Amino acid sequence: MTTKPVLLTGASGALGRQLTRALAAEGLTLRLTDIVPFPDALPTNASFTQADLEDGVAILGLAEGCGTILHFGGVSVEKPFETVIGPNIRGLYHVYEAARREGARVIFASSNHSIGFHEREETLDADCQFRPDGFYGLSKAYGELMGRLYWDKHGVENVNLRIGSSFPEPIDARMLATWLSYADLCRLVHRCTVAEATGHAVIWGASDNSRTWWRKDHRGRIGWAPADTADVFAGQLAGKVSGNPVTERYQGGGFCAMAYSRKAPSPADPLAD
Ligand code: 15L
Numbered sequence: 002m003t004t005k006p007v008l009l010t011g012a013s014g015a016l017g018r019q020l021t022r023a024l025a026a027e028g029l030t031l032r033l034t035d036i037v038p039f040p041d042a043l044p045t046n047a048s049f050t051q052a053d054l055e056d057g058v059a060i061l062g063l064a065e066g067c068g069t070i071l072h073f074g075g076v077s078v079e080k081p082f083e084t085v086i087g088p089n090i091r092g093l094y095h096v097y098e099a100a101r102r103e104g105a106r107v108i109f110a111s112s113n114h115s116i117g118f119h120e121r122e123e124t125l126d127a128d129c130q131f132r133p134d135g136f137y138g139l140s141k142a143y144g145e146l147m148g149r150l151y152w153d154k155h156g157v158e159n160v161n162l163r164i165g166s167s168f169p170e171p172i173d174a175r176m177l178a179t180w181l182s183y184a185d186l187c188r189l190v191h192r193c194t195v196a197e198a199t200g201h202a203v204i205w206g207a208s209d210n211s212r213t214w215w216r217k218d219h220r221g222r223i224g225w226a227p228a229d230t231a232d233v234f235a236g237q238l239a240g241k242v243s244g245n246p247v248t249e250r251y252q253g254g255g256f257c258a259m260a261y262s263r264k265a266p267s268p269a270d271p272l273a274d
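In our numbering, the protein residues as written are 2 to 274.
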C-alpha cells in the first residue's frame, strides 16, 4: 500500500498540516488537496492541488494511482444542514467512488459527534449506536456507514477514526476524556496507511486518557496504541466545566447544546433514552 501515492483531503486544515509533516517524514509520497491554499512549505515528496470536494472529476483525477485516501476534508464543526451536505455528503461520495475505482483504502476522519448524545456515564464500544449531536455529527455517521457499504459491496477497505478532540493540548475538563495528541493522531494514521489489511474498521481517536468513555475497537488490526495521555493536565483542567447542563451531560459536549430545544429529559423518565 505504501509504495503508491497517498491522497490527503483537507490538507490545509490543522490536522491535515500535522499529517503532511509527519507522513512526509515517514517517506510517503503525498498528494495534498484542499479548497484553500496550503499554508506551509511543501515537503519534497508532496504536491498540492487546490480543489473542491464537490468537484467529482477533480477528486477522481487526484486519486488516480493512489493506494490510500486520507479523507480529512469537509466541514469540521457544527453548521446548518445546507452547508454540511455538499462537502460532507456529496464530497464523501466522490472520495469513495475514487477509492472504488483505484482499489484504494480510505482512512476517514470521523468524529465523536457521530455518537455525541450518549451520556458521559456510559462506556462505549465502537459498535455502539450512532447518536449524532447535530448535522455535522450526522454527516460523520453517514460517512462511517458509507464505509460499511463500500466494504460490503465493493471490498473497499476503510478505517473510520472516531476522533475525540485533537488539539495541541486539552483545554477543558471534557477533553481529559476526549483528547488525542497530534503525535498519537499521526502515528495512528500512519499505522492505518501501512497496515496489511483493515477491512471495515472503527477506531476511537483518543490518547491514553484514564477518564475515557471509550473501550473496544479495531485498533488491534492496525497495531496502534496511543503513547500520550491527557491525565497530566488534570490538575489544571478538572474544574474547567461550562455550567451548561446539556453540554456537561453528554459526550459531544457543547455541540449537543447548540440549538437544543428539547425539554431536558429527567433520568427517571422511562423515555429519557
Ligand atoms: C470535532 O469533531 C471537531 O472537528 C473539533 O473542532 C472539536 O470540536 C472536536 O470534535 C471535539 O469534540 O472536541
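No residue lacks a Cβ here, since even glycine has one placed at the ideal position from N, Cα and C. Just so you know, these numbers come straight off a predicted model, no measurement behind them.
If you draw a straight line from the Cα of N210 to the Cα of W180, it is about 8 Å long. Using a cutoff of 8 Å, the CB of G11 does not count as near the ligand 15L, since none of the ligand's heavy atoms is closer than that. Positions of the beta strand (DSSP E) runs, each at least 3 residues long and wholly inside the segment 139-215, are given as 159-164, 201-206 in order along the chain.
In this structure the segment 189-209 touches the segment 159-178; the number of beta carbon pairs closer than 8 Å is three or more.
As for any alpha helix (DSSP H) of minimum length 4 sitting wholly inside the segment 209-267, the runs are 235-238, 246-250, 255-258, ordered along the chain. Residue burial is scored here from C-beta neighbours: A198 has fewer than 16 other C-beta atoms within 10 angstroms and is therefore classed as exposed. As DSSP reads the structure, S77 sits in no beta bridge. By the neighbour-count criterion, in which a residue is buried when 16 or more other Cβ atoms sit within 10 angstroms of its Cβ, P227 is buried.
Short of 7 Å from the beta carbon of P38, and not among the five residues preceding or following it, lie these beta carbons of its own chain, in chain order: S13, Q51. Put simply, the backbone Cα of G255 is about 36 Å away from that of A64.
S48 and L146 have their C-alpha atoms roughly 30 Å apart. With respect to A26, F73 sits apart: the two C-beta atoms are not nearer than 9 Å. By the criterion of at least three beta-carbon pairs nearer than 8 Å, the segment 163-180 is not in contact with the segment 77-84. Our two residues, C257 and Q19, have alpha carbons roughly 28 Å apart in a direct line. Within the same chain, Cβ atoms closer than 6 Å to the Cβ of L189 are found at W225, the five residues on either side in sequence being excluded.
If you look at A12, you'll find it isn't in any beta strand (DSSP E); DSSP assigns it neither H nor E. Judged by DSSP in its simplified three-state form, R106 adopts strand.
Apart from the 5 residues on each side of it in sequence, T45 sits with its Cβ closer than 8 Å to the Cβ of A25 in its chain, given in chain order. Beta-bridge partners of F49 (DSSP): L33. Taking L150 as reference, the option from F136, A100, R121, G28 with the minimal CA-CA separation is A100. A distance of 9 Å or more separates the beta carbons of Q237 and G117. Counting other Cβ atoms within 10 Å of its Cβ, D128 stays below 16 and is therefore classed as exposed. When DSSP states are grouped into helix, strand and coil, T84 belongs to the helix group. Residue side-chain check: N161 keeps its Cβ at 8 Å or more from all non-hydrogen atoms of the ligand 15L. The Cβ neighbour count for K141, taken over all protein chains shown within 10 Å, is at least 16; the residue is labelled buried. Rounded to the nearest angstrom, the gap between the Cα atoms of G57 and L9 is 15 Å. Judged by DSSP in its simplified three-state form, E65 adopts coil rather than helix or strand.
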